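To start, the structure under review is shown below, and the notes come after it.
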Amino acid sequence: MKTRIMTVIAGLALLSMVTSAAYAEDASGGHWYVGGGLGATTGNDLCSAVTPGFATTPGTCDSSQFAGKVFGGYQFTKYLGAEGALVYLGTANASGTYLGTATTSDVYAGGLELVGTGTIPITDKFSALGKLGVLLWGIYSETGTGFNRDDSGASFAMGAGLQYDITKHVGIRFEWERFWQVGNSTIGQSDVDMFTIGGLYRF
Numbered sequence: 000m001k002t003r004i005m006t007v008i009a010g011l012a013l014l015s016m017v018t019s020a021a022y023a024e025d026a027s028g029g030h031w032y033v034g035g036g037l038g039a040t041t042g043n044d045l046c047s048a049v050t051p052g053f054a055t056t057p058g059t060c061d062s063s064q065f066a067g068k069v070f071g072g073y074q075f076t077k078y079l080g081a082e083g084a085l086v087y088l089g090t091a092n093a094s095g096t097y098l099g100t101a102t103t104s105d106v107y108a109g110g111l112e113l114v115g116t117g118t119i120p121i122t123d124k125f126s127a128l129g130k131l132g133v134l135l136w137g138i139y140s141e142t143g144t145g146f147n148r149d150d151s152g153a154s155f156a157m158g159a160g161l162q163y164d165i166t167k168h169v170g171i172r173f174e175w176e177r178f179w180q181v182g183n184s185t186i187g188q189s190d191v192d193m194f195t196i197g198g199l200y201r202f
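Each residue of the sequence shown is one higher than the last, beginning at 0 in numbering that gives the first Met the number 0.
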């Protein structure tokens, strides 16, 4: 618990420093933006998070690597900004029998990402992106026998990518993000990599 709390404090402190530096560099102007992305994750075998005891005779388990997110942020200057995102990290579906009756267990993973962002223009259209902050994650396991469980925590988050501006207001992004040590000793813990392609709209 102490480690999780320190992770949140460090992430929020970093975000605060980025926003303060951005205001100091350029207190005028800036813009809001929103967007979303779809892709896949690696490293998160959610079958390890299936609730123990959901079945007296476990069967099969399939873990989906599909991922997605919706995000919004504020670009304080050409180089610095802050961003928040609702992140979907995948599902797992397990089957088995409980005292002779067929049953299932479904696991869902996601979280809230809070990061400071850095942008380096390459050309008029292309930019390199970087981000660093925290992911507040949650993993929920729901079973047909009532053995439900909800686990949550905080992990460091970082990412990098490329952005191409189609117009002044519309752009597309290619991103890689890593979330360190998602999970715990009970449900399993791993570093999760997420790869997405998406779009954004600047106001």
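The beta-carbon is built from N, C-alpha and C at its ideal position, and this holds for glycine as well.
Values in this document were obtained by computation on a predicted structure and should not be read as measured data.
Rounded to a whole number of angstroms, what is the C-alpha to C-alpha distance between residue i and residue j?
i      : j      : result
THR102 : THR41  : 27 angstroms
ASP61  : VAL69  : 25 angstroms
GLN162 : TYR200 : 12 angstroms
LEU45  : ARG172 : 27 angstroms
ASP192 : TRP175 : 7 angstroms
LEU135 : GLY198 : 23 angstroms
THR55  : SER151 : 26 angstroms
ASP190 : LYS77  : 31 angstroms
GLY129 : GLU112 : 14 angstroms
ASP105 : PRO57  : 13 angstroms
ASN183 : SER47  : 11 angstroms
PHE53  : GLY145 : 8 angstroms
TYR73  : VAL133 : 17 angstroms
TRP179 : GLY158 : 11 angstroms
PHE194 : LEU98  : 41 angstroms
ASP149 : GLY109 : 12 angstroms
VAL114 : ALA84  : 9 angstroms
ILE121 : ASP164 : 12 angstroms
Consult DSSP for residue i and reduce its assignment to one of helix, strand or coil.
i      : result
SER189 : strand
ASN183 : strand
ASP105 : strand
ILE165 : coil
For residue i, count neighbouring C-beta atoms within 10 Å of its own C-beta (all shown protein chains included) and say buried if the count is 16 or more, exposed if not.
i      : result
TRP31  : exposed
ASN147 : exposed
ILE186 : buried
ILE196 : exposed
VAL33  : exposed
In the DSSP assignment, what are the bridge partners of residue i?
i      : result
LYS130 : THR116 and GLY158
GLY198 : GLY35 and ILE171
GLY145 : GLY145 is not bridged to any residue.
(request) Would you mind listing the beta strand (DSSP E) stretches within the region 17–99 that are 3+ residues and don't spill past its ends, in chain order? (result) Here the runs fully enclosed are 30–41, 56–63, 65–74 and 79–97.
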